[in-house]
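There are 2 protein chains.
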Amino acid sequence: MVGVSPALVSMVLNGKAEQYRIGEEVAKRVVETAKEMHYAPNLVAKNLRSGKTQLVGLIVTDISNPFYSAIARIVEDRASELNYTVLISSTDENLKNTERLVDVLLNKGVEGLILVPCDGSMKLIQRLYDSHFPTVLLDRYFPDIDLSSSCLDNYRATELATEHLLGQGYKNIALIAYNTEMHHILDRVSGYEDTMKNAGLSAYVHVRKVNILNPRPGIREALEELIHRKHVDAIMFLTNMLATNGLYCLNEMNVKIPEDVAVVGFNGNDAFNLFYSPITYIRQPIEQIAKGSIDILIKRIKKSNYKSKLFLEPELVIQQSSQRIS
Amino acid sequence: MVGVSPALVSMVLNGKAEQYRIGEEVAKRVVETAKEMHYAPNLVAKNLRSGKTQLVGLIVTDISNPFYSAIARIVEDRASELNYTVLISSTDENLKNTERLVDVLLNKGVEGLILVPCDGSMKLIQRLYDSHFPTVLLDRYFPDIDLSSSCLDNYRATELATEHLLGQGYKNIALIAYNTEMHHILDRVSGYEDTMKNAGLSAYVHVRKVNILNPRPGIREALEELIHRKHVDAIMFLTNMLATNGLYCLNEMNVKIPEDVAVVGFNGNDAFNLFYSPITYIRQPIEQIAKGSIDILIKRIKKSNYKSKLFLEPELVIQQSSQRIS
DNA sequence: CTGAAAGCGCTTACAG
DNA sequence: CTGAAAGCGCTTACAG
């Protein structure tokens, strides 16, 4: 339409008019015509030519889980600012799914991955590490693999919560965890165990592990035993899902919080706040974790030796469920 | 590697060996070699060549809202089965954002859009309709635009809930809605108003509208007036967010549910179930709404005159908050 | 039955 | 200062 070659148009529209010393008038005419006709370059062709897709993958366990959807929202917004598009997938904590989704996303041409690794995925993650493909672990990490990650300081989280309960005068404090080898959970267990031991309360350490895919029956069983036989005076739940399921069980059992037993949960939500005895919980800095993961990934994509491991500070939101009733 | 031309490889790998009458042995060798070397075709090149991207866009108001993240999960899973990839964006109920995101997604080459239209987006939707671009409205619709949609039967939803409250003996029933022209909300209001009028209770119709972006202050104000001056005996909240915010306000006001006032919410969640008086709510068939939207879209992409409008059945989940206390 | 050519829409050296 | 050519990795007519 302007009467110049496609190459020239390309140069102008990519802001390389000066570099190629293109006539100002011609450049102006190209820009104006492009605007008039609402020209938008074909991104597929651009991608093929450049070998870049401006695509990144975000693999979580379940995008319908509010924790991960909050993360996804932030990652999406930040990626968009940085001119990247996010492809989101859910693994349901399943290794085979995770492996498949990694392959699918790589095949779709993502330039990097943000990944919540599931139980048993160490070999897969090691392979990703060995392949030098830009990858950032989110929420969970492997201490033996030197990969970038953006996680909570999990040890500090339960240390903080246990100290709070001890400070309130609780001693016989139980922990409900997942039956898993994943380190974010092991760290949370350690933070609790060490704090109890340091307070000379090793005898009161109770850790119960339940199935991650169907936690409710295990939680109910554990609670029955802990409350009726071990006479615990406080219970910490290691994740939001454990706490929510735990509250259903405690209601069914007619256990009064905090009169019969104090409760600390993980990750705040409306259910905690609207509970008859608002639930004290460990707050994760979701914004920082999410933004950290995408910022690290993009830096890594642009600079092949970039690496960063974030362990972000938890915060304890103290509400009624952990107050000592004298 | 096999010693044949790329064209032949392409034919074999796309299952067109027979069509092009390619030698069985050669075909076999191609397939095996492809598997051995983990060959995966470059999808970008494939897309450029075919003009198809196998991409669809999902524009919701906020992917971190549990209702939409539940939808996204189902759409994503179904799209994946159908060999499509979903690009998700959030508008924050803002028209400018919506317009921008539509442009961005079109430019990224999506072959269709699933869209939750925000207030004031009628012109944009009309333009999309006029352009014949494959589009399906989700959750919200425009009665005057003949576009495919997958929504709740909103009128039936509040009719159901109002009938239930009337059946429990409540008469002075108030409604908290958004201050909006969006038809899914207007339909919900009508379902309530008509049911009240049919019961001869026009005098007890109270509709209060609050700001969608910051509902809390408006809700608090409305509740103060409705409860203390209008002496309503039941309150229906038209969305999950309204109900959740409403429960915070009712707690602050020390209003007892259902003794002082009965409550009906929208879309169940843990906060409703774990509330001291579990909240009766209108359940949307999320699975059907989500699956409906993507199935319609894909059919529309493949068949240019395909159209379908779904108005799916609500269900009332009756819990303690709406039981009559005699 | 199989190979060589053309082209999807772009961008980057290379000429002039 | 600007145009013509080549090529990203594929697939589909077209030859043979």
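Residue numbers (the numbering used here), protein chains in the order written: chain A, -9 to 316; chain B, -9 to 316. Note that beta-carbon positions come from the ideal geometry of N, C-alpha and C, so glycine has one too.
query	result
Reducing DSSP to helix, strand and coil, say where Ile104 (chain B) ends up.	strand
With a CB to CB cut of under 7 angstroms and the five nearest residues on each side skipped, what residues in its chain are close to Arg328 (chain A)?	A question about residue 328 (chain A) goes unanswered here, because the residues of chain A that appear run from -9 up to 316.
Return helix, strand or coil for Phe132 (chain A), following the three-state DSSP convention.	coil
Measuring only the C-alpha atoms, how far is Asn4 (chain B) from Lys36 (chain A)?	25 angstroms
Over the uninterrupted beta strand (DSSP E) stretch that includes Ser79 (chain B), give me the two end residues.	75 to 80
Out of A:Ala69, A:Ala60, A:Ser59, point me to the one whose CA is closest to Gln44 (chain A)'s CA.	A:Ala69
For Leu77 (chain A), which residues from the same chain have a beta carbon less than 8 angstroms from its beta carbon, with the 5 sequence-adjacent residues on both sides left out?	Leu45, Val46, Gly47, Leu48, Leu95, Lys98, Val100
Would Val245 (chain B) and Val251 (chain B) be called neighbours here (beta carbons separated by less than 8 angstroms)?	yes
If you drop the 5 nearest sequence neighbours on each side, which residues of the same chain put their C-beta closer than 7 angstroms to that of Leu72 (chain A)?	Ile288
With a threshold of 8 angstroms between beta-carbons, can Thr81 (chain A) be considered close to chain B, or not?	no
What's the C-alpha gap between Asp184 (chain A) and Gly190 (chain A)?	10 angstroms
Between which two residues does the alpha helix (DSSP H) holding His154 (chain A) run?	144 to 157
How many angstroms separate the CA atom of Pro(-4) (chain B) from the CA atom of Val34 (chain B)?	17 angstroms
How long is the line joining the alpha carbons of Val307 (chain B) and Asp120 (chain A), rounded to whole angstroms?	52 angstroms
Let me see if you follow: with CB-CB separation under 8 angstroms, is Ile53 (chain A) close to chain B or not?	yes
Going by CA-CA distance only, name the one from A:Thr125, A:Gln309, A:Asn201, A:Ser192 that's closest to Lys293 (chain A).	A:Thr125
Just list the residues that DSSP pairs Cys141 (chain B) with in beta bridges.	B:Phe301
Inspect the beta-carbon positions of Leu105 (chain A) and Leu85 (chain A) and report whether they are closer than 8 angstroms.	no
Does the Cβ of Tyr29 (chain A) have 16 or more other Cβ atoms within 10 Å, making it buried, or fewer, making it exposed?	exposed
Count the other CB atoms within 10 Å of the CB of Gln9 (chain B); is the residue buried (16 or more) or exposed (fewer)?	exposed
Exposed or buried, Asp93 (chain A), counting other C-beta atoms within 10 Å across all chains shown (16 or more means buried)?	exposed
Can you give me the C-alpha to C-alpha distance between Ile202 (chain A) and Phe301 (chain A), rounded to a whole angstrom?	23 angstroms
Is any beta-carbon of chain A found at less than 8 angstroms from that of Arg63 (chain B)?	yes
Listed in chain order, which residues of the region 246 to 277 of chain A have Cβ atoms closer than 8 angstroms to some Cβ of chain B?	Asn259, Asp260, Ala261, Asn263, Leu264, Phe265, Tyr266
Closest Cβ-Cβ distance between Gly99 (chain B) and chain A: below 8 angstroms?	yes
Using the rule of at least 16 other Cβ atoms within 10 Å of the residue's Cβ for burial, across every protein chain shown, is Asp223 (chain A) buried or exposed?	buried
Going straight from the alpha carbon of Glu197 (chain B) to that of Met231 (chain B), what length do you get?	For the sequence presented, residue 197 (chain B) should be read as Val rather than Glu. One C-alpha to the other measures close to 17 angstroms.
Quick one: using the 10 Å Cβ neighbour count with 16 as the cut-off for buried, is Gly282 (chain A) buried or exposed?	buried
Strictly under 8 angstroms for the Cβ-Cβ distance: is Thr148 (chain A) near chain B by that measure?	no
For a contact defined as C-beta to C-beta under 7 angstroms, what are the partners of Leu237 (chain B) on chain A?	Leu264
Go through its chain and collect everything with a Cβ distance to Val179 (chain B)'s Cβ below 8 angstroms, but skip five positions before and after it.	Thr148, Leu165, Ala167, Val197, Leu228
How big is the Cα-Cα spacing for Ser80 (chain B) and Ala233 (chain A)?	29 angstroms
Would you tell me roughly how many angstroms separate the C-alpha atoms of Ala151 (chain A) and Ile175 (chain B), rounded to the nearest one?	43 angstroms
Kindly identify the DSSP beta-bridge partner or partners of Lys165 (chain A).	According to the sequence displayed, residue 165 (chain A) carries Leu and not Lys. Partner(s): A:Val197, A:Met226.
For the alpha helix (DSSP H) containing Gly282 (chain A), list its first residue and its last residue.	276 to 292
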